[in-house]
Amino acid sequence: MSARDAREIAIVGAGAVGAALGLALARAGHAVTIVDGRPGPAAAPGDEYGEFVVSLNLASIAFLRSIGVWPAIHASRVSPYGGMTLWDEGGSGATRFDSAEVGEPALGCFVEAALLEARLHEALAACPGVTRLWGRRATGLRVAHDDARLTLDDAETINAGLVIGADGGRSAMRQLAAIGVERLDYGQRAIVCNFATERAHGAVARQRFMRGGPVAMLPLADGRCSLAWFRPEAEAERLVGLDDAAFTEALSEATDYALGAVTAATRRRAFPIVRRHATRYVAERFALVGDAAHTIHPQAGQGLNLGLMDAAALAEAVGRGGDRGGDPGAERILRYYARWRRGHNTAVMHAMDLFHHGFAQPAPLPGPVRGLGLAAADRAGPAKRLILRHGAGLAGDLPRAARPTGGYGIGP
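Per my numbering: the sequence shown = residues 595 to 1006.
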């Protein structure tokens, strides 16, 4: 059994959010220990693109650049997109967004989740002040006034000034800290794969709203698209079980032949869609970030962006509280972080629910009403640009490290 200095910061969970937060804190001079139950760091995908793709807006890219990992991600393979098209299955309305409306060459990019994690883990391995404990799980948390003690499944203990739960939607750390969670099962599954089409995607993301859930076509740099198709659970299972010919035909129809017929698709997977929101983000010497604090409907691809903003905000809050010589788990720091992030995350969560209830429920808004809403949004002028700026990570109360600076965009 061993213990470490009480001024350390311990992070449980080495996914993208936990790894990025660990880098941010270590680069600010803190000693960081990261614990993860997996046997080792994520391996980057090979020549074939992985089917789990995440969206990074310009604020997330700015944050990744600030912690020194973005050039390695950019040099691997990223898929920028300069526009988005949204339309309703009734065909009565559509909204189009273009990066030129906000004076940017791109609105963000899509990147494989495995590639993102692999580059973050490589940066962690090379970062002084970071200790990584793979294949270990947290089993206990005891908090005193001066420090927190994290117990691992091999009986090792870690004493730290701050413990952070970044261990995903089913967070064990959230339970150890006795923090409740509000949960809503949408009754949907998201089908993911990569697929080829007859016509080029033109670096434009497309989403069609349908009864039961939308279908999104996310442009990849190799000319294919990544799929995010949200369907009721039983139908999703049926679709995943189709043979290739039947699936590509069904997908061609679902996407309204927007890029012609779907000509090929990779292996399909489906996972359930559940909204979770922790009743608190912080406790004494403890904080939640990313999916451990909140999971939202992924139809707009904002889940990881919210998590990375949690990481940037908590790193900044710790820095404001005294940086190298301060107490990272001080109550004022954690309260500041919680006030900053909970309100914003709640607003985005409600916006996603509004889309879900208006477009996908068994009894959604009538088709003409949905179409009029999309058409009105397309002509909204300043309001449309404001929505676009928020989605691209160009507006709002952003952490300093996540504020995009002119001229960089998604470049290295």
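Ideal placement from N, C-alpha and C gives every residue a C-beta, glycine not left out.
- Contact between LEU821 and VAL786 holds, since their C-beta atoms are separated by about 6 Å, short of 8 Å.
- TYR675 is the residue among TYR675, GLU706, GLU683 whose C-alpha sits nearest the C-alpha of PHE691.
- With a beta-carbon spacing of about 18 Å, ALA855 and MET804 fall beyond the 8 Å limit used to define contacts.
- Note: PRO813 is bridge-paired with CYS819 in the DSSP secondary-structure output.
- Taking the CA atoms as reference points, ALA688 sits about 16 Å from GLY807.
- Judged by pairs of C-beta atoms under 8 Å, the region 834-853 does not touch the region 743-751, as fewer than three such pairs exist.
- Scanning its chain for C-beta atoms nearer than 6 Å, with the 5 sequence neighbours on each side dropped, one finds around ASN899 the residues ASN651, SER654, in chain order.
- The beta-bridge partner set that DSSP reports for PHE824 consists of ALA784.
- Cβ-Cβ separation between VAL798 and THR679: approximately 6 Å, consistent with a contact (criterion under 8 Å).
- Counting of Cβ neighbours within 10 angstroms places PHE865 among the exposed residues, the total staying below 16.
- Taking 7 Å as the cut-off, the beta carbon of ILE867 is found no closer than this to the beta carbon of GLN801.
- For LEU650, the uninterrupted beta strand (DSSP E) segment begins and ends at 647-651.
- Annotated as distal: PHE646 and ALA694, with beta-carbon spacing of 7 Å or more.
- Just measuring C-alpha positions, the residue of SER765, PRO665, TRP664 sitting nearest ALA881 is SER765.
- When DSSP states are grouped into helix, strand and coil, HIS668 belongs to the helix group.
- Note on geometry: alpha-carbon atoms of MET903 and TYR930 lie some 14 Å from one another.
- In this structure, the beta-carbon distance from MET946 to ILE890 falls below 7 Å.
- By the Cβ criterion, the region 867-876 is not in contact with the region 725-738, since fewer than three pairs of Cβ atoms, one from each stretch, lie closer than 8 Å.
- With respect to the 7 Å criterion, GLU711 and ALA636 are classified as neighbours on the basis of their beta carbons.
- Taken atom to atom, the span from the alpha-carbon of GLY913 to that of ALA622 is near 8 Å.
- For GLU695, no alpha helix (DSSP H) encloses it, and the DSSP letter there is neither H nor E.
- Nearest neighbour of ALA656 by Cα position, chosen from GLY634, ARG818, PHE789, ALA906, turns out to be ALA906.
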